[in-house]
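Okay, structure first, notes after.
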Amino acid sequence: MNTTLQVGDSLPPLALPPVDRTMLALFAGASGDHNRVHIDIDFVRAAGMPDVFAHGMLSMAWLGRLLTQWVDQRRIRSFGVRFTGITHLGHRITCSGKVVEIVEVQGERRAKVQIQTTNQYGEQKIVGDAEIAL
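Just so we're aligned, residue -1 is where the sequence shown starts under the numbering used here, counting upward by one.
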């Protein structure tokens, strides 16, 4: 992490491969989340969706990777997200973040960071924030 961090600085982006069925199956196995909307095409079509779609927590995990590739995980003081869209098969997700404020909390200097995922069409899928100890 840059020791001369300033408001407006961007985190190095994290670009991911296109979401595919194997990725979803592997995440389902690793996370224990076997919800049929993520792995069963017949189920989702019966529910009116065109195909399976990514777990929201998979995208949140990617944002966690964005943060931990930027700072040691021990510096993360808070991390939260809001899901704003569905990540479909074939979406190429990019995670990004920007420092929006430098504050002092309980004697500790922290960076407040806005984070998000977007697909290749620029559609935002998750927005969130984190506080990082400096």
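We treat Cβ as the ideally placed atom computed from N, Cα and C, and that holds for glycine.
No experiment lies behind these values; they were computed from the predicted model shown.
Residue i burial status per 10 Å Cβ neighbour count (16 or more: buried)
i: residue 71; result: exposed
i: residue 9; result: buried
i: residue 117; result: buried
Own chain, CB closer than 8 Å to residue i, minus 5 neighbours either side, in chain order
i: residue 125; result: 79, 80, 82, 112, 113 and 114
i: residue 88; result: 16, 17 and 18
i: residue 3; result: 97, 100, 109 and 132
Same chain only: Cβ atoms within 7 Å of residue i, ignoring 5 sequence neighbours per side
i: residue 55; result: 29 and 31
Residue i - containing beta strand (DSSP E), residue span
i: residue 20; result: Not the beta strand (DSSP E): residue 20 falls in the alpha helix (DSSP H), residues 19 to 29.
According to DSSP, residues forming a beta bridge with residue i
i: residue 121; result: Paired residue(s): none; residue 121 is not in a bridge.
i: residue 13; result: 92
Residues of its chain near residue i, where Cβ-Cβ distance is below 6 Å and the 5 sequence neighbours each way are ignored
i: residue 11; result: 92 and 94
i: residue 202; result: Residue 202 is absent from the model: the chain starts at -1 and stops at 132.
Limits of the alpha helix (DSSP H) - the one that residue i falls within
i: residue 57; result: 54 to 68
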